[in-house]
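As structure tokens, the structure follows; a few thoughts come after it.
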Amino acid sequence: MWRDHLTEIIVFSLLFLLVSAMGFVAARWRAPKDMAHLDEWGLGGRSFGGWITWFLVGGDLYTAYTFVAVPALMFGAGAAGFFAVPYTIVIYPLVFLVLIRLWSVSHRHGFVTPADFVRRRFDSPVLALLIAITGIVATMPYIALQLVGIEAVLKTMGVTGDSTLARHLPIIIAFAILAAYTYQSGLRAPALIAFVKDSLIYIVILVAVIYLPYKLGGWGDIFDAADAKFQASPNPNDGILLNSNNQLQYVTLAFGSALALFLYPHSITGVLASRNRDVIKRNMSALPAYSLLLGLIALLGYMAIAAGVKPLPGASAGSVDNNTIVPLLFDQQFPDWFAGVAYAAIGIGALVPAAIMSIAAANLFTRNIYKEYLKKDASPAQEANVSKITSLVVKVGAVACIVFLDPQFSIDLQLIGGVIILQTLPAVALGLYTRWFHRTALIAGWVAGMGLGMWMLYQVASPTRKHFGGSAFPLSEFGFDTTKTIYVGIVAVAVNLAVAALVTLALRALKTPEGVDGTEPNDYFADEGDPRVTPGAERDADSAREPVA
Numbered sequence: 038m039w040r041d042h043l044t045e046i047i048v049f050s051l052l053f054l055l056v057s058a059m060g061f062v063a064a065r066w067r068a069p070k071d072m073a074h075l076d077e078w079g080l081g082g083r084s085f086g087g088w089i090t091w092f093l094v095g096g097d098l099y100t101a102y103t104f105v106a107v108p109a110l111m112f113g114a115g116a117a118g119f120f121a122v123p124y125t126i127v128i129y130p131l132v133f134l135v136l137i138r139l140w141s142v143s144h145r146h147g148f149v150t151p152a153d154f155v156r157r158r159f160d161s162p163v164l165a166l167l168i169a170i171t172g173i174v175a176t177m178p179y180i181a182l183q184l185v186g187i188e189a190v191l192k193t194m195g196v197t198g199d200s201t202l203a204r205h206l207p208i209i210i211a212f213a214i215l216a217a218y219t220y221q222s223g224l225r226a227p228a229l230i231a232f233v234k235d236s237l238i239y240i241v242i243l244v245a246v247i248y249l250p251y252k253l254g255g256w257g258d259i260f261d262a263a264d265a266k267f268q269a270s271p272n273p274n275d276g277i278l279l280n281s282n283n284q285l286q287y288v289t290l291a292f293g294s295a296l297a298l299f300l301y302p303h304s305i306t307g308v309l310a311s312r313n314r315d316v317i318k319r320n321m322s323a324l325p326a327y328s329l330l331l332g333l334i335a336l337l338g339y340m341a342i343a344a345g346v347k348p349l350p351g352a353s354a355g356s357v358d359n360n361t362i363v364p365l366l367f368d369q370q371f372p373d374w375f376a377g378v379a380y381a382a383i384g385i386g387a388l389v390p391a392a393i394m395s396i397a398a399a400n401l402f403t404r405n406i407y408k409e410y411l412k413k414d415a416s417p418a419q420e421a422n423v424s425k426i427t428s429l430v431v432k433v434g435a436v437a438c439i440v441f442l443d444p445q446f447s448i449d450l451q452l453i454g455g456v457i458i459l460q461t462l463p464a465v466a467l468g469l470y471t472r473w474f475h476r477t478a479l480i481a482g483w484v485a486g487m488g489l490g491m492w493m494l495y496q497v498a499s500p501t502r503k504h505f506g507g508s509a510f511p512l513s514e515f516g517f518d519t520t521k522t523i524y525v526g527i528v529a530v531a532v533n534l535a536v537a538a539l540v541t542l543a544l545r546a547l548k549t550p551e552g553v554d555g556t557e558p559n560d561y562f563a564d565e566g567d568p569r570v571t572p573g574a575e576r577d578a579d580s581a582r583e584p585v586a
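Numbered per our numbering, the sequence shown spans residues 38 to 586.
Take a look at the structure:
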């Protein structure tokens, strides 16, 4: 009953209302003269410095879903859940090489989305459309998963009902508030709220990893309890150590997830809002601090085992909701007021990334679908207005995913989203360094990688579903005599690259036109203060250039 959690509900509600008020105030924070421009509404004026960007990008990548799902995976499967830690370490040196160049060329040409860059680089509206649609489709389930985190907290506090509407009404209200202040304040709202969100999470986790081991008998007892549970598990891959069957899956999932992370539109949006290249460099050096935090968050799963936490029932009959183990752990081991703070950290942790994701998806629709195909002469004010409205539609779609779909299915959709967004790697990440790939070949590679990826995901079964049951593909399906699995995304993007390379060679042999590269070499090194190319000047420059041989 919710009355048993009254203190927690009050603390949670007060902190939630505080950050909501900050979201509305953010419209006046570092306010420009005119918010009716995507640079201002969707990128915060491209003016964020080191601290703001650090909190914004960190708050964007380490979400409410991270807070509940990583410990839940550790609770259910053991060491396999640690894949999230190395991939967030591996990613920063990789993106250091890519995002600085993307920021520079975007600063020079006024690009708002990765599809803007692809359109200019490869002179292909079709390829840009595919990149935009891919980004939107991959982002939608990610937004929905933020609601899974909030729902786990509300379920623990007993704020649920029997009917569908009663069960989801608190989430609908929370996202209505989020939609309102995001519509008004744009990217400034999550940037300001990220300070509170990350501070709360750091406080909660540091207290938990000091207090809980003391209360539960020490780290030795915690790991012994986890080992005992997994020894009794019928799944031979569960355990506090990896084994020969799941090591390949672990490595490919970690590496594939690292490659995918900064291809997501919301990750790029946070980076493009930076003031200059130095801000990005400093952030790529400092963001691994969040990986330390993530490792501590993951260990909450083992602490829940040692504490004897039993997950609440799931949506389907006979199932359990492992996403509730962290809220239940705090509910059982801490005073009500501190549990309320922890719940607020999770709830607010959903708002920041959900706002950035909806803005990023809206920007993709506005710039690469609406402006490209529906209204080529759209003014900056019209673009901003369309993006605002689209961000509302995106949030409604995310809520619909939670209301009408099994939440577990939404989680699997997010795994599918990682495979999907990886197919933009050749055009976006490699495109920042080379234009060797033919634009048509990149489209062919995208089709091949996406097709193979969807087929592989369709073959993956789970205890509750015959198809689309995860992202671990059994190599036996390819004819190998082994029980090992591999991450679908790695195989799909490898095929994507191979097809793109082969088709490029074929088209080049046929002397097929490759379009006009609308960027210059020095665009990739531009910094704050370098003059921008106006849209008219870009078009004039393009018309003056000869097609690339």
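Each residue gets a CB set at the ideal place from its N, CA and C atoms; glycine is no exception.
Just to confirm the assignment, what range does the beta strand (DSSP E) spanning I277 have? Careful: I277 lies outside any beta strand (DSSP E) and carries neither H nor E.
Buried versus exposed call for I47 [16 or more other C-beta atoms within 10 Å across all chains shown]: exposed
Mind checking whether L512 and T306 have CB atoms under 8 Å apart? no
Using a Cβ-Cβ cutoff of less than 7 Å, which residues in the same chain neighbour V478 once the five nearest sequence positions on both sides are dropped? Inspection of the sequence shows that residue 478 is occupied by Ala rather than by Val. So the list reads A537, V540, T541 and L544, once near-sequence residues are dropped.
Suppose you measure from the CA of T44 to the CA of A376; what does that come to, to the nearest Å? 9 Å
Go through its chain and collect everything with a Cβ distance to L229's Cβ below 7 Å, but skip five positions before and after it. M59, A63 and W66
Using DSSP with H/G/I as helix, E/B as strand and the rest coil, what is T219? helix
Following the continuous beta strand (DSSP E) through F510, name the residue where it begins and the one where it ends. A509 to P511
Rounded straight-line distance, which links the Cα of S50 to that of V190: 12 Å
Spatially closest choice to V363 from I137, M194 and P69, by CA coordinates: M194
Using DSSP bridges, identify the partner residues of S499. R502
Can you say whether W78 is buried or exposed, counting buried as having 16 or more other CB atoms within 10 angstroms of its CB? buried
Cβ-heavy atom distance between F515 and the ligand COA below 7 Å? With respect to the ligand COA, the structure shown offers nothing to examine, as it has no ligands at all.
If you draw a straight line from the alpha carbon of G95 to that of I342, how long is it in whole angstroms? Approximately 28 Å between the Cα atoms of the pair.
In angstroms with no decimal places, state the Cα-to-Cα distance between R472 and S143. 17 Å
For G486 and T461, I'd like the C-alpha separation in whole angstroms. 10 Å
Secondary structure, alpha helix (DSSP H): runs of 4+ residues fully inside the stretch 107-183: 121-146 and 151-159
Assess, as a yes-or-no matter, whether the stretch 106-116 is touched by the stretch 334-351 under the definition of 3 or more beta carbon pairs within less than 8 Å. yes
If contact is defined by three or more beta carbon pairs under 8 Å, each pair taking one atom from either stretch, is the stretch 83-102 in contact with the stretch 317-325? yes
Any idea what DSSP makes of T549, helix, strand or coil? coil
Measure the CB-CB distance between T125 and L331 and report whether it falls below 8 Å. yes
Between the C-alpha atoms of H146 and G552, what's the straight-line distance to the nearest angstrom? 18 Å
Option nearest P108 by Cα separation, candidates F367, A415 and E420: F367
Roughly how many angstroms lie between the CA atoms of A581 and V525, to the nearest whole one? At A581, the pLDDT of 37 sits below 50, so the modelled position is not reliable and the matter cannot be decided from this model.
Anyone know if the C-beta pair for L300 and I458 falls short of 8 Å? Against a cut-off of 8 Å, the Cβ pair of I458 and L300 comes out as a contact.
Short of 6 Å in beta carbon distance, which residues of its chain neighbour S84, apart from the five on each side in sequence? Order them along the chain. R312
For L54, which residues of its own chain have a beta-carbon under 8 Å away from its beta-carbon, when the five flanking residues on both sides are left out? none
Between L184 and V436, how many whole angstroms is the CB-CB distance? I'm expecting something under 8 Å. Right, the Cβ-Cβ distance comes to about 7 Å (below 8 Å), so this counts as a contact.
Bridge partners of V357, per DSSP? P350
Please report the straight-line C-alpha distance between P250 and L52, rounded to a whole angstrom. 27 Å
Within the same chain, show all residues whose beta-carbon is closer than 6 Å to that of G351, passing over the 5 residues directly before and after it, in chain order. Answer for G351: V357 and D358, listed in chain order.
Contact check, T294 vs G490, beta carbons under 8 Å: Sequence inspection shows Ser at residue 294; the Thr mentioned does not correspond to that position. Their beta carbons are not under 8 Å apart, which means S294 does not touch G490 by this criterion.
Which whole-angstrom value is the C-beta distance of A387 and G186, which I expect to be below 8 Å? 5 Å
Measure the CB-CB distance between L1 and Y220 and report whether it falls below 8 Å. This structure cannot settle anything about residue 1, because the visible part of the chain is limited to 38 through 586.
If you drop the 5 nearest sequence neighbours on each side, which residues of the same chain put their C-beta closer than 6 Å to that of R40? none
Other residues of its chain near T519: CB distance less than 6 Å, five sequence neighbours each side excluded: L512
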